[in-house]
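Mapping of the sequence shown onto the working numbering: residues 3 to 106, in sequence order. Glycine is no exception: its CB is placed at the ideal position from the N, C-alpha and C atoms. Keep in mind the model is a prediction, meaning the values are calculated, not measured.
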Amino acid sequence: MNLTAKKRCKDINNPPHPGEILLEDVVPALGITITEMARRLGFARETFSRILHGHAPVSPDLAVRLERAGVSTAQLWLSMQSAYDLWQAEHREQPVIERFARID
């Protein structure tokens, strides 16, 4: 079991940032550098690095490019990003919200 899979099993409710999956699983499996992967996907290395380190989201454009490069599906990458974003939002402090009256 690889490092990312172990992290997922450790806290299944806190999904990893999809950039972490790219950094720890995909880049090593491809046997290329981050710089080369960024170039081949058409991203600046700095931008791609921000995604890999969880400082920027996997965008729909990146998801489509990953799919076209043969790295899973765009839907999977966007689903992982959505799960990560939702978990983060649910666990950050939010204002008190009054429920709306029921609409029939």
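Please work out which residues of its chain come closer than 8 Å, Cβ to Cβ, to residue i, disregarding the five sequence neighbours upstream and downstream, and give them in chain order.
i     : result
Ala71 : Arg42 and Leu43
Trp56 : Looking at the sequence provided, one finds Gly at residue 56 rather than Trp. So the qualifying residues of the chain are His19, Gly21 and Glu22.
Asn15 : Trp89
For residue i and residue j, I'd like the C-alpha separation in whole angstroms.
i      : j      : result
Met3   : Glu38  : The predicted position of Met3 is uncertain, since its pLDDT is 47 and thus under 50; no value can be drawn from it.
Val29  : Arg94  : 30 Å
Gln83  : Leu54  : 12 Å
Ala46  : Ala65  : 15 Å
Leu88  : Pro59  : 12 Å
Thr49  : Ala85  : 21 Å
Thr35  : Asp63  : 21 Å
Glu69  : Arg104 : 42 Å
Asp106 : Glu100 : 18 Å
Judging by CA-CA distance, which residue of the options is the nearest neighbour of residue i?
i     : options                 : result
Glu26 : Arg104, Ala46 and Ser51 : Ser51
Ala31 : Glu48, Val73 and Ala103 : Val73
Keeping to the same chain, check which residues put their C-beta closer than 6 Å to that of residue i; ignore five residues upstream and five downstream.
i     : result
Arg67 : Leu43
Leu24 : Leu54
State buried or exposed for residue i, treating a residue as buried only when at least 16 other CB atoms are found within 10 Å of its CB.
i     : result
Ala91 : exposed
Pro97 : exposed
Pro17 : buried
Exercise for the section: Mind the definition here: the region 75-90 touches the region 32-46 only if three or more C-beta pairs lie below 8 Å; say whether that holds. Expected result: no
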